[in-house]
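J.: One structure follows; several queries about it will come next.
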Amino acid sequence: MADRTFTKEELAKYNGKDDPHKYVAVDGVVYDLTSVKAWAGENHHGNVAGQDLTDIITNVSPHGKKVLSKLNVVGKYIG
Numbered sequence: 059m060a061d062r063t064f065t066k067e068e069l070a071k072y073n074g075k076d077d078p079h080k081y082v083a084v085d086g087v088v089y090d091l092t093s094v095k096a097w098a099g100e101n102h103h104g105n106v107a108g109q110d111l112t113d114i115i116t117n118v119s120p121h122g123k124k125v126l127s128k129l130n131v132v133g134k135y136i137g
């Protein structure tokens with residue numbers, strides 16, 4: 059895992075608008091969604107990058123955490 063840490067405020071900058079990169083946190087790990095086609099628009103099924111999506115991916119997402127293994131890890135989420 060990358061050594062970089064993200065607070066809630068720092069992660070929020072990576073929403074694809076304020077910064078071209080799109081990052082989300084799940085279970086304390088920050089993933090890069092920038093090149094994921096499903097995240098090419100402003101949101102993905104109503105979810106916006108730059109947030110902790112642990113609850114969404116765990117309880118709502120049809121694919122669950124299995125897609126995370128395909129993503130690049132950019133750091134640790136410390137909230």
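In this note's numbering, the protein residues as written are 59 to 137. Note that CB positions come from ideal geometry on N, CA and C, so glycine has one too.
Kindly list the residues whose CB is nearer than 8 Å to the CB of Ser93, restricted to its own chain and excluding five residues on each side of it in sequence; keep chain order.
T.: Within the same chain, Ser93 has no close Cβ partners at all.
J.: Taking the CB atoms as reference points, tell me whether Asn130 and Gly108 lie closer together than 8 Å.
T.: No; because the gap between Cβ atoms is not below 8 Å, this pair is not in contact.
J.: Can you tell me the Cβ-Cβ gap for Ile115 and Lys123, rounded? I've got them flagged as a contact below 8 Å.
T.: Indeed they touch by this definition, with Cβ atoms about 6 Å apart.
J.: From Asn105, Asp90, Val106, pick the residue whose C-alpha is nearest to that of Ser127; which is it?
T.: Selected option, being the one with the closest Cα: Asp90.
J.: Grab me the residues of Thr65's own chain with a C-beta within less than 7 Å of its C-beta, minus the 5 sequence neighbours each way, in chain order.
T.: Contacts found: Ile136, Gly137.
J.: Using the rule of at least 16 other Cβ atoms within 10 Å of the residue's Cβ for burial, across every protein chain shown, is Lys80 buried or exposed?
T.: Classification of Lys80: buried, given that the 10 Å Cβ count is 16 or more.
J.: For Leu69 and Val84, which I take to be in contact (beta-carbon distance under 8 Å), what is that distance rounded to the nearest angstrom?
T.: Not confirmed; about 11 Å, so no contact.
J.: Which term fits Val82, buried or exposed, when burial requires 16 or more other beta carbons within 10 angstroms of its beta carbon?
T.: Val82 is buried by the Cβ-count criterion.
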